[in-house]
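First residue of the sequence shown? That's 10 in our numbering, and the numbers climb one at a time after it.
Everything below concerns the one structure shown next.
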Amino acid sequence: MAEEKGITPQSEDFSRWYIDTISRADLMDYSPVRGCIVFKPDGYELWERIQDGLDSRFKATGHRNAYFPMLIPESFFQKEKEHVEGFNPELPWVTEAGGEKLEERLAIRPTSETIIGHMYSQWVQSYRDLPVLLNQWANVFRWEKRTMPFLRTSEFLWQEGHTAHADEQEAREETERMLEVYRDFVETEMAVPLWKGQKTPKERFAGAVDTYSIEAMMKDGKALQAGTSHYMGQNFAKAFEIMFLDKDNQRKYVYTTSWGASTRLIGALVMVHGDDKGLALPPRMAPVQVVMIPVGPPKLREKVLEKFNPTFDALKAAGVRVKADFRDETPGWKFNEWEMRGVPLRLELGPRDVDSNQCVLARRDTGEKVTVSLDGIVETITNLLNEIQANMFAKAKAFREANSHYEIDTLDALKAHIEKCDAANETYGWVLAGWCGDDACEAQVKEETKFTSRNIPFEPPMTKHKCLTCGGEAKHTVWFGRAY
Ligand SMILES: [Zn+2]
């Protein structure tokens, strides 16, 4: 039995709350290698649900999975200048193997543009070979100084899509299509509201022409970049000589894209929906959607089972992910345990319920308890799960709106806002502000407030006219916030 240890309240220390929650819910453990974590079955199962949801969407948009080696020759990184500068500080190297020093060092991949670019240069010869639409599920390494389980670890799991196209327009459409795939998955399945938008040049992926992201607000008001999609133009095509013979008999460089989402989505799920009781999982993501707990004196258990077992079977047959908890613990202990693990719905059934042909349903999202008839229980529960899913999305969206600030138009006003929040122990949230497009103005925001530009949303709720920093004419309207 798990050690009875409280979860630090969110308002007291959000980071502690997060670590307490993922530890008590048994999602992960620390590993002997610094900055790396073990994904325990309950954590890995969340990743499997993320994989299922994304993979089916990738396939529906014409992509197929492949796998490339994890070790990448050093010379590959030298071919794209920005790429090597961006990733070099974080690369772990393999320098010897089989007791011998290697002629060329091999990097453990931080991302696979280089090795995939190399292979595409051999596979693509003619316009008939295009587009190439591949995805890879893999682990990658980025040697991080400051780590946080799921959100930032030195080794993490992800998928990386890599595509090659004959022309710019098609590649740009692909970049936006995959950003929309991420939005659809994260909002529909994870019930996490997002801003889709473009990254500023400073925040671009190393080697990309344009980077787009989906950004989510965590319950401490911080931002989490939940997925990115990059338009690479011909940068990697030129570095790796990916050329094709076009219909007009000219040899041309392809246009490439890449897009990725990782196990940090697990962190987002926890931080968007969790509360002081622990995890709260939206039904579409929850490995267990309904937990059934028999109540009443043990000597009447057999009577309870008369209705309990057929109910369990009917839910299972209807495709509901249901679990029955017969452990030798008190019902109250079990209620707390499953609430902490975030199961969306609890079904309690006791001897008196059998007589009246009913049961009690308790919702994790609202804490409400209702008594319902066992007639039509499958439909009742299916409807309720849909309602919980919708409610969790609406709640997360309302939280985001309550913590989005539209009236802070100068750096001084932002600093005053931060001071005010500090004094009241409130979250800073995000600020929608104008930006003139100058890197220096963006850097000054970061330097003086630790707020970074999140993205330039595609659909801003309002348009800003003045730069937050210099007061000059705004070229873009940008979300700023503290970020993970
Ligand atoms: Zn400015």
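Every residue, glycine too, gets a C-beta built ideally from N, C-alpha and C.
- Straight-line CA distance for Phe-85 to Thr-265? Walking along the sequence shown from the start, residue 85 turns up at place 76. Walking along the sequence shown from the start, residue 265 turns up at place 256. Roughly 17 Å separates the two Cα atoms.
- Query: If you measure from each residue's Cβ to the nearest non-hydrogen atom of ligand 1, which ones come out under 6 Å, in chain order?
  - Reply: For ligand 1, the residues with a Cβ under 6 Å from any of its heavy atoms are, in chain order, Cys-445, Asp-447, Cys-450, Cys-476, Thr-478, Cys-479 and Gly-481.
- Message: Which runs of the beta strand (DSSP E) at least 3 residues long sit entirely within the region 233 to 310? Give them in chain order.
- Response: 252 to 254, 260 to 262, 264 to 271 and 299 to 303
- Message: Measuring straight from C-alpha to C-alpha, what distance separates Leu-290 and Met-252?
- Response: Within the sequence shown, numbered from 1, the residue matching residue 290 stands at position 281. Within the sequence shown, numbered from 1, the residue matching residue 252 stands at position 243. Answer to the nearest angstrom: the Cα atoms are 47 Å apart.
- Query: Using the beta-carbon count (16 or more within 10 Å), is His-474 buried or exposed?
  - Reply: For the purposes of this step, residue 474 is identified with residue 465 of the sequence shown, where counting begins at 1. Under this definition His-474 is an exposed residue.
- Task: Pair every Cβ in the region 366 to 383 with every Cβ in the region 430 to 445, then say whether three or more of these pairs are closer than 8 Å.
- Result: Contact fails: fewer than three Cβ-Cβ distances are below 8 Å.
- Gln-168 and Gly-71 look like a contact to me (Cβ under 8 Å); what is the Cβ gap, rounded to whole Å? As a first step, residue 168 is located in the sequence shown; it is residue number 159 there, counting from the start. As a first step, residue 71 is located in the sequence shown; it is residue number 62 there, counting from the start. That pair is no contact at about 15 Å.
- Sub-7 Å separation of Ala-200 and Gln-398 beta-carbons: Position 191 of the sequence shown holds residue 200. Position 389 of the sequence shown holds residue 398. Yes, the Cβ-Cβ distance between Ala-200 and Gln-398 is below 7 Å.
- Message: In the DSSP output, what is Trp-439 paired with across the bridge?
- Response: Translated into the one-based positions of the sequence shown, residue 439 becomes position 430. Its beta-bridge partners are Ser-413.
- Query: Quick one: any contact between the region 170 to 181 and the region 234 to 254, if contact means 3 or more CB pairs under 8 Å?
  - Reply: yes
- Residues bridged to Pro-466 (per DSSP): Reading the sequence shown from its first residue, position 457 is the one you call residue 466. The partner list for Pro-466 (beta bridge, DSSP) reads Gly-206.
- Message: In this structure, how does DSSP classify Arg-33 when only helix, strand and coil are distinguished?
- Response: Residue numbering aside, residue 33 sits at position 24 when the sequence shown is read from its first letter. Here Arg-33 sits in helix by DSSP.
- Task: Using beta-carbon positions only, say whether Asp-35 and Thr-17 come within less than 7 Å of one another.
- Result: Along the sequence shown, read from residue 1 onward, the residue named residue 35 stands at position 26. Along the sequence shown, read from residue 1 onward, the residue named residue 17 stands at position 8. Cβ distance not < 7 Å, so Asp-35 and Thr-17 don't count as in contact.
- Item | Endpoints, beta strand (DSSP E) assigned at Ser-365 | Taking the sequence shown and counting its residues from 1, one reaches residue 365 at position 356. Segment 360 to 365 is the alpha helix (DSSP H) holding Ser-365; no beta strand (DSSP E) there.
- Are there 16 or more other CB atoms within 10 angstroms of the CB of Gln-19, so buried, or fewer, so exposed? For the purposes of this step, residue 19 is identified with residue 10 of the sequence shown, where counting begins at 1. That one is buried.
- Message: Assuming Thr-1 and Leu-441 are in contact, meaning their beta carbons sit under 8 Å apart, how far apart are those beta carbons, in whole angstroms?
- Response: Only positions 10 to 493 of the chain appear in this structure, which leaves residue 1 out of reach.
- Item | Span separating the alpha-carbon of Ile-223 from that of Glu-212 | Start at 1 with the first residue of the sequence shown, and residue 223 comes out as number 214. Start at 1 with the first residue of the sequence shown, and residue 212 comes out as number 203. Computed Cα separation, rounded: 13 Å.
- Message: Taking 8 Å as the cut-off, does the region 295 to 313 touch the region 350 to 365 (at least 3 CB pairs, one atom from each stretch)?
- Response: yes
- Query: Which residue's Cα is closest to the Cα of Arg-114: Gly-107, Glu-122 and Val-103?
  - Reply: Translated into positions along the sequence shown, residue 114 becomes position 105. For Arg-114, the nearest C-alpha among the options comes from Val-103.
- Task: Provide the residue(s) that pair with Val-331 in DSSP beta bridges, ordered along the chain.
- Result: Stepping through the sequence shown from its first residue, residue 331 is reached at position 322. Paired residue(s): Val-299.
- Answer yes or no: does any C-beta atom of chain C fall closer than 7 Å to that of Asn-366? Protein chain content of the structure displayed is limited to a single chain, and chain C is not contained in it.
- Reducing DSSP to helix, strand and coil, say where Met-2 ends up. Coverage of the chain is limited to positions 10 through 493, which leaves residue 2 absent and any answer about it impossible.
- Message: Based on DSSP bridge pairs, tell me the residues matched to Asp-38.
- Response: Your numbering for residue 38 matches position 29 in the sequence shown. According to DSSP, Asp-38 bridges with Val-47.
- Message: I want to know whether the region 175 to 192 touches the region 443 to 456 - three or more CB-CB distances under 8 Å.
- Response: Taking 8 Å as the limit for Cβ pairs, the verdict is that the region 443 to 456 does not touch the region 175 to 192.
- Compute the Euclidean distance between the alpha carbons of Trp-26 and Ala-411, then round it to the nearest angstrom. Here residue 26 refers to the residue found at position 17 of the sequence shown. Here residue 411 refers to the residue found at position 402 of the sequence shown. Separation of Trp-26 and Ala-411 (C-alpha to C-alpha, rounded to the nearest whole angstrom) is 22 Å.
- Message: Checking 7 Å against the spacing of the C-beta atoms, do Asn-97 and Asn-144 come in under that value?
- Response: Here residue 97 corresponds to residue number 88 of the sequence shown, with the count starting at 1. Here residue 144 corresponds to residue number 135 of the sequence shown, with the count starting at 1. Contact: no.
- Message: I'd like to know whether the C-beta atoms of Trp-439 and Trp-488 end up nearer to each other than 7 Å.
- Response: Residue 439 sits at position 430 when you count from the first residue of the sequence shown. Residue 488 sits at position 479 when you count from the first residue of the sequence shown. Going by C-beta atoms, Trp-439 is nearer than 7 Å to Trp-488.
- Three-state class that DSSP yields for Phe-165 in the structure shown: In the sequence shown, counting from the first residue as 1, residue 165 sits at position 156. Of the three classes helix, strand and coil, the one that applies to Phe-165 here is strand, per DSSP.
- Indicate whether Val-149 and Pro-119 have their beta-carbon atoms separated by less than 7 Å. Here residue 149 is taken as the residue at index 140 of the sequence shown, counted from 1. Here residue 119 is taken as the residue at index 110 of the sequence shown, counted from 1. Result yes, Cβ atoms of Val-149 and Pro-119 sit closer than 7 Å.
- Query: Going by alpha carbons, who is nearest to Phe-408 out of Pro-202, Ala-425 and Pro-340?
  - Reply: Taking the first residue of the sequence shown as 1, we reach residue 408 at position 399. With distances taken between Cα atoms, Phe-408 lies closest to Pro-202.
- Query: Alpha carbon to alpha carbon, how far is Tyr-493 from Leu-160?
  - Reply: In the sequence shown, counting from the first residue as 1, residue 493 sits at position 484. In the sequence shown, counting from the first residue as 1, residue 160 sits at position 151. Their Cα atoms are separated by approximately 7 Å.
- Message: Within a Cβ cutoff of 6 Å, which residues of the same chain sit near Met-10, ignoring the five residues on either side of it in sequence?
- Response: Looking up residue 10 in the sequence shown gives position 1. With a pLDDT of 40 at Met-10, under the threshold of 50, the modelled position of this residue cannot be trusted, and the question is left open.
- Query: If you draw a straight line from the alpha carbon of Ala-330 to that of Ala-295, how long is it in whole angstroms?
  - Reply: Residue 330 sits at position 321 when you count from the first residue of the sequence shown. Residue 295 sits at position 286 when you count from the first residue of the sequence shown. Looking at the sequence itself, residue 330 is Arg, so the reference to Ala does not match. So the alpha carbons of these two residues sit roughly 8 Å apart.
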